[in-house]
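> This is the structure I have questions about; it appears just below.
Residue numbers (this note's numbering): 583 to 717.
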């Protein structure tokens with residue numbers, strides 16, 4: 583397929599798309615996200631808190647956001663995660679972290695993903711409560 587311009591210059595359609603999309607590809611940026619302290623800690627659950635402060639320069643807006651966690655440090659979306667879905671504005675968010683083990687330290691980071699990639703907030707840690715047995 584070829585596209586003919588008004589000056590009768592024929593361009594391959596792929597080259598036309600390149601010039602049309604180049605600004606989005608060349609200047610694409612991942613979103614900016616921060617991680618706040620983990621709250622509402624119980625023996626098996628906690629609440630992760632994050633804030634998307636910049637959506638990044640690429641359409642569409644972030645397609646996924648949430649928190650990721652592990653027990654070894656520097657968690658990524660390859661580890662356990664929540665997915666709160668797409669966003670269209672900067673804002674704070676919370677995510678419920680479940681299936682945690684008592685008396686275990688977890689490392690948590692907020693994340694946001696758009697077509698340019700995934701960005702992570704700073705790492706915070708949370709130690710789950712111990713199981714309390716009744717005597």
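Cβ coordinates follow ideal geometry from the N, Cα and C atoms, glycine included.
Below 8 angstroms, can you find three or more Cβ-Cβ pairs linking the stretch 652-663 to the stretch 627-643?
no
> Taking 7 angstroms as the limit between beta carbons, can you name the residues of its chain near residue 645, skipping five residues before and five after?
668, 695, 696
> Whose C-alpha, out of 699, 613, 690, is nearest the C-alpha of residue 619?
690
> Would the beta-carbon of residue 621 fall within 8 angstroms of that of residue 631?
yes
> Counting along the chain, where does the beta strand (DSSP E) carrying residue 712 start and finish?
That residue, residue 712, is in no beta strand (DSSP E); it is neither H nor E in DSSP.
> Drop a sphere of 10 angstroms on the beta-carbon of residue 711, count the other beta-carbons inside from all chains shown, and report buried for 16 or more, exposed for fewer.
exposed
> Could you tell me which residues DSSP puts in a beta bridge with residue 646?
According to DSSP, residue 646 bridges with 695.
> DSSP beta-bridge partners for residue 639?
According to DSSP, which records beta bridges pairwise, residue 639 is partnered with nothing at all.
> Can you tell me the Cβ-Cβ gap for residue 616 and residue 635, rounded? I've got them flagged as a contact below 8 angstroms.
6 angstroms
> Quick check on residue 648: buried or exposed, where buried means 16 or more other Cβ atoms within 10 Å of its Cβ?
buried
> Could you check what DSSP says for residue 674 in three-state terms: helix, strand or coil?
strand
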